[in-house]
Structure formats: structure tokens, C-alpha cells
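Let me begin by presenting the structure, written as C-alpha cells, before commenting on it.
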Amino acid sequence: MEAVKNLLHNGTNGHTNGHTEPSSEAVSQLKEKYTKADQGHVFTFYDSLSTAEKAAFFEQLSGFDPAYINQIADRALNPPQAEETATKLEPLPESACASILDSSPVDINKWYESGLDLIGSNQVAVVLMAGGQGTRLGSSAPKGCFDIGLPSHKPLFKIQAERIRKVEQLAAKKAGVDSVVVPWYVMTSGPTRKPTEEFFAENNFFGLKKENVKIFEQGVLPCISNEGKIILENKGKVAVAPDGNGGIYQALIVSGVLEDMRKRGIQHIHAYCVDNCLVKVADPVFIGFSASLNVDIATKVVRKRDATESVGLILSKNGKPDVVEYSEIDQETAEARDPSNPELLKYRAANIVNHYYSFSFLESIPLWAHKLPHHVARKKIPATDLESGELIKPAKPNGIKLEQFVFDCFPLLALDKFACMEVNRADEFSPLKNASGTGQDDPETSKADIMDQGLRWVQAAGATVLSEGGIEVSPLISYGGEGLEHLKGKTITAPAVLELE
Numbered sequence: 001m002e003a004v005k006n007l008l009h010n011g012t013n014g015h016t017n018g019h020t021e022p023s024s025e026a027v028s029q030l031k032e033k034y035t036k037a038d039q040g041h042v043f044t045f046y047d048s049l050s051t052a053e054k055a056a057f058f059e060q061l062s063g064f065d066p067a068y069i070n071q072i073a074d075r076a077l078n079p080p081q082a083e084e085t086a087t088k089l090e091p092l093p094e095s096a097c098a099s100i101l102d103s104s105p106v107d108i109n110k111w112y113e114s115g116l117d118l119i120g121s122n123q124v125a126v127v128l129m130a131g132g133q134g135t136r137l138g139s140s141a142p143k144g145c146f147d148i149g150l151p152s153h154k155p156l157f158k159i160q161a162e163r164i165r166k167v168e169q170l171a172a173k174k175a176g177v178d179s180v181v182v183p184w185y186v187m188t189s190g191p192t193r194k195p196t197e198e199f200f201a202e203n204n205f206f207g208l209k210k211e212n213v214k215i216f217e218q219g220v221l222p223c224i225s226n227e228g229k230i231i232l233e234n235k236g237k238v239a240v241a242p243d244g245n246g247g248i249y250q251a252l253i254v255s256g257v258l259e260d261m262r263k264r265g266i267q268h269i270h271a272y273c274v275d276n277c278l279v280k281v282a283d284p285v286f287i288g289f290s291a292s293l294n295v296d297i298a299t300k301v302v303r304k305r306d307a308t309e310s311v312g313l314i315l316s317k318n319g320k321p322d323v324v325e326y327s328e329i330d331q332e333t334a335e336a337r338d339p340s341n342p343e344l345l346k347y348r349a350a351n352i353v354n355h356y357y358s359f360s361f362l363e364s365i366p367l368w369a370h371k372l373p374h375h376v377a378r379k380k381i382p383a384t385d386l387e388s389g390e391l392i393k394p395a396k397p398n399g400i401k402l403e404q405f406v407f408d409c410f411p412l413l414a415l416d417k418f419a420c421m422e423v424n425r426a427d428e429f430s431p432l433k434n435a436s437g438t439g440q441d442d443p444e445t446s447k448a449d450i451m452d453q454g455l456r457w458v459q460a461a462g463a464t465v466l467s468e469g470g471i472e473v474s475p476l477i478s479y480g481g482e483g484l485e486h487l488k489g490k491t492i493t494a495p496a497v498l499e500l501e
């Protein structure tokens, strides 16, 4: 494993634990490496730095392979020309798909029971992608710390932690054991790691055991100028950016998370994004469905609202599972109808970044992670002028940030090793993307979707609800609407919150 780690970039944000100036021999070797890659300019101001600054800069530069950076930047800026063959898009085969909307209750219950059994035998882990800051929400804190305005004022991290606690309890009860562990691996980015660690510690890990919550950090890549040169943020630091949610694969190896999973005997992994307040963390139905098909990757999707909704679609592209972005699909394809049910769009499986992985597939990361493509985001990147040493803030894009997407590995699979489960948007998908008052994917819609879901649950249990505003049902009371029989015949005045006594 150590050998393959060297194939994976292990970029740092320039943090250092020590302040010892590296030896002149070590600096000389590193400088030669960068000069050979035509990136020697990064050492322009090295001799003017303090001892501590030299140590930090040396550590940061040692975390990158400049030849590899050149290679991926060149490949991203000058992608290989695809052969002039028509792209063939098809929905995923029916054998690989299921829909909660129209599957039989018998099948859904079978998946639920088998998923709970796998959780009950400590074979299931959860990976949370939580690298984003709440910038668009008007907050610099990690998105998971955000309070969407529920009566309980629980932040997203707490809601999700309590869902893990509840599913552990349900699985332990079914297995007839005292306790079950679903380890939670939280992937942060440079800016969010420390505040995330502090938030979890301040909140006593939301009732989970500290040893079962592992916070790790995705990698970073240098920002590259339009001329292909590594950009300096200041005289002693390379400008870097997180390597995208596709950086999860390299981070699982480099951080030691995969090794921890192996020691725990994990076989099934659920991965999702922090901003979805309705996410069913370690969903037994999804785990059971995916495991029953013996696939390497499965993904949850929601039904596309209409032909113009701007979402990526999960489908078969040239005989391989893939995600095709909205901008890549022509109008005729977007509007095509399902031949077996003309009321539905032919291509309707909207990607919500909610995935299942087999552990055996994640074990193969070192064989392919370094081959995944990098995508270019052209940005205005503050850069240090190499002659004056002044920081220049550009008026127009002067460089690129390189990132990978979590779905870039899907086409590595044969169709029979990939599956797709359509879920109900109202029950499972409400992303938090925009500032308050936007009217779509904002704190108000997130809150409303949780309150509406709770209302449906208590009404289904036989309660009468007076007035409007919905009901917040604590995940510690109910994971997915179960266990509310005691509410039958009761009257509840909304808005209300149901918490454990």
C-alpha cells in the first residue's frame, strides 16, 4: 500500500508541525525536482523566508510531484481528442434499477431487513463529504454546522449523527446484541477541518463514541496559471484548491481510512454530501438492495422534475455507467419519453451524489485513482508577482483550479457491477445550496421539507395535527417513520417538535 500511495498526490495546505529548517541538501534536491519540471520559479523568494516559513513551504512543496502536476494540468487543458464516433446514451438496464416509488412492499422490506442484518454485523460504514463552507449561506463555518431553523435548532451534523445512532439501535435490536457500530468517516477540506473537529468535540460527537468518528481531509492541488505555471499565493506558499469531491478516493487511502475500515471488517460503504438534510444515513434499504445485487457501486437518484431541470443524469454512455451533465444533453434527448410509459421522461435519473460502494471496489483505488481525469475551473486567482513580490488580484481569470468528480470512476465498471435506486425526492433529497430567501434549495426549503416529512409520518401513525407548520420528529425517535404507533388517536398542534423525553 505504501508503494501505491506514492502514485497519489498527498498535497497539504502548507501547515507544518515543526519549525526546523530543512537541510540545504534536501532543499537542493527538491529545487532540482521542480526545476526539471520547469516549475523552479516557486523557489524565487525561498531565501528571504524565515526559518519557520521555509519549513512550512518545504513541507508543502514536498507534498506535490511537479511532473505529475504538469501531466494532469496538460491533460485537463488539452484533453485527448475523442474518436469521431457518436455517443450512445441509454437508460441503465432495468435489471440494475429499482424504484422505491413502484417496487413491491415485499421487496422493499426484504432489502430493509437484509440491510439491517449487515449493519447488525458491523459490516457497514458511512463516508460523509463535508468539505464545503457555507459561503453562499453567508457563513464561513463548515456547512454541516449550519442551523436550518428547525424548532430544535439542530445543525446538519447533529441530524445526521442522530440518524446513525438510531439505525445502530434498530440493527442492534434486530440482531439481539447490546450495541452495533456504524463508523462515520467525515471528509473535510483545508478550511473546514479544524472547525469541524472543534464542532464535533464541543458537541461531544453528538452522542457517538469518539473512536467511531474519524475526521480526515481531502487533498489539494496547486492552482495553475494560464501559462501552465504553479501560482504562488505568497512568497512562501503555493496557491492551492481542494481536489473536488472526486478527491475522496485518494483521501481514503492517504488518510488511512481504508485501512481502518479493513481492520473493522467493513464490507459496505454509504457515501453522501453534508448539505442534504433528508439523507437516510446508512440506509438499510439501500445497503440491502446494493448488497443483494453484488455490485461495486450503486447510486440513489430522484426523478427529474421536467425536461429543463438542470441536473446531471445517471445513465449508460457507450455501454458504461456514467453521469452526463445537463449542459451535455441536447433538447431532443432531454425531452425524450419512456417508450414503456410516455408519461415519464426516458432520461429521468437525476444524480444526487448519494452512493454505495463495496469495500472490495474501494480496495482497488490505487489501481485507478491516478488515472481519473481532472476538470478545469477557470478562476480569478490572487497571485504573487515574481519580480516585485506583490500580490496581484486579477480582474479576469488568470488560471485554473483542477478538480475531480466523485462519479469519474463509474465508467470503469461493467454495467452488471453498477446499480441505481430511484427514491422519493420529498423523503430523501433537499439540498442546501443557496442563501436564505432564495426560494429554492435554501434554509427555508430544507426546514420545510423536514417539517413536512414529520407531518406525514405522524399522520400516517394515526395522529391528528392541528394548524400548519409541520412536525419535527427527532431521528432518535424515528429513522424513517417507524416506531410512532403510540401517537395513534393523539392530537398535536403544529408546529411542534417530538424529542426523546
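Take the sequence shown: its position 148, counting from 1, is numbered 148 in UniProt numbering, and each next residue is one higher.
Every residue, glycine too, gets a C-beta built ideally from N, C-alpha and C.
Quiz prompt | Beta-carbon proximity of Q60 to V238, cut-off 7 Å | solution = Your numbering for residue 60 matches position 60 in the sequence shown. Your numbering for residue 238 matches position 238 in the sequence shown. Here Q60 is near V238, since their CB atoms are less than 7 Å apart.
Exercise. With DSSP collapsed to three states, give me the class of M1.
Key: For the purposes of this step, residue 1 is taken as the residue at position 1 of the sequence shown. In this prediction, M1 has a pLDDT of 49, which is less than 50 and means its spatial position is unreliable; what the coordinates show is noted afterwards. Of the three classes helix, strand and coil, the one that applies to M1 here is coil, per DSSP.
Self-check item: C-alpha gap between T35 and G389, whole angstroms
Solution: The count along the sequence shown starts at 1 and reaches residue 35 at position 35. The count along the sequence shown starts at 1 and reaches residue 389 at position 389. The alpha-carbon atoms of T35 and G389 are separated by roughly 20 Å.
Exercise. Tell whether a beta-carbon distance below 7 Å holds between S478 and I148.
Key: Locating residue 478 in the sequence shown gives position 478, counting from the first residue. Locating residue 148 in the sequence shown gives position 148, counting from the first residue. With contacts defined as CB atoms closer than 7 Å, S478 and I148 fail to qualify as a contacting pair.
Quiz prompt | contact_flag[the stretch 343 to 359, the stretch 36 to 53] where n(CB pairs < 8 Å) is 3 or more | solution = The stretch 343 to 359 vs the stretch 36 to 53: no contact.
Quiz item: Helix or strand or just coil, what does DSSP make of D322?
Solution: Against the sequence shown, residue 322 aligns to sequence position 322. DSSP places D322 in strand when its eight states are reduced to three.
Quiz item: Three or more C-beta pairs closer than 8 Å, one from the stretch 450 to 460 and one from the stretch 132 to 144: is that the case here?
Solution: The answer is no - the stretch 132 to 144 does not touch the stretch 450 to 460, with fewer than three Cβ pairs under 8 Å.
Self-check item: Euclidean distance between Cα positions of I400 and I314
Solution: Mapped onto the sequence shown, residue 400 falls at position 400. Mapped onto the sequence shown, residue 314 falls at position 314. About 27 Å.
Quiz item: How many angstroms separate the CA atom of P382 from the CA atom of L391?
Solution: Along the sequence shown, one-based indexing puts residue 382 at 382. Along the sequence shown, one-based indexing puts residue 391 at 391. Their Cα atoms are separated by approximately 7 Å.
Quiz item: At what residue ranges does the stretch 417 to 464 contain a whole run of the beta strand (DSSP E), taking only runs of 3 or more?
Solution: 418 to 423
Practice problem: Would you kindly check if the distance between the Cβ of V295 and the Cβ of K417 is under 7 Å? | Solution: Indexing the sequence shown from 1 puts residue 417 at position 417. Indexing the sequence shown from 1 puts residue 295 at position 295. It is a contact, given that the beta carbons lie within the stated cut-off.
Quiz item: My guess is that K488 and G462 are in contact by the Cβ rule of under 8 Å, so how many angstroms apart are they, rounded?
Solution: The sequence position of residue 488 within the sequence shown is 488, counting from 1. The sequence position of residue 462 within the sequence shown is 462, counting from 1. Going by Cβ atoms, the distance from K488 to G462 rounds to 3 Å, so yes, they are a contact pair.
Quiz item: Are there 16 or more other CB atoms within 10 angstroms of the CB of G14, so buried, or fewer, so exposed?
Solution: Locating residue 14 in the sequence shown gives position 14, where the first residue counts as 1. The predicted position of G14 is uncertain, since its pLDDT is 49 and thus under 50; no value can be drawn from it.
Quiz item: The beta strand (DSSP E) spanning A161 covers which residue range?
Solution: Walking along the sequence shown from the start, residue 161 turns up at place 161. First-last for A161: 156 to 175, but that is the alpha helix (DSSP H), not the beta strand (DSSP E).
Quiz item: Who does Y357 pair with in a DSSP beta bridge?
Solution: Numbered from 1 along the sequence shown, position 357 holds the residue referred to as residue 357. Per DSSP, I269, I297.
Practice problem: Look at H268 and L118 and say whether their C-beta atoms are less than 7 Å apart. | Solution: Within the sequence shown, residue 268 is the residue found at index 268, counting from 1. Within the sequence shown, residue 118 is the residue found at index 118, counting from 1. Yes, Cβ-Cβ distance for H268 and L118 is below 7 Å.
Exercise. Please check the pair V274 and L128, which I expect to be a contact at CB under 8 Å, by giving their CB distance rounded to whole angstroms.
Key: Numbered from 1 along the sequence shown, position 274 holds the residue referred to as residue 274. Numbered from 1 along the sequence shown, position 128 holds the residue referred to as residue 128. The Cβ separation is near 6 Å, so the contact holds.
Self-check item: Per-residue DSSP class, three states only, for E198
Solution: Counting from 1 along the sequence shown, the entry for residue 198 is found at position 198. Here E198 sits in helix by DSSP.
Quiz item: By the 10 Å Cβ neighbour count, where 16 or more other Cβ atoms means buried, how is T188 classified, buried or exposed?
Solution: On the sequence shown, residue 188 is found 188 positions in, with the first residue counted as 1. Looking at its Cβ environment, which holds 16 or more other Cβ atoms inside 10 Å, T188 is buried.
Practice problem: With distances taken Cα to Cα, identify the nearest neighbour of Y185 among E168, E162, V213. | Solution: Here residue 185 is taken as the residue at index 185 of the sequence shown, counted from 1. Distance check between Y185 and each of E168, E162, V213 places V213 closest, using alpha-carbon atoms only.
Quiz item: What are the boundary residues of the beta strand (DSSP E) that A98 is part of?
Solution: Start at 1 with the first residue of the sequence shown, and residue 98 comes out as number 98. 97 to 99 is the extent of the beta strand (DSSP E) around A98.
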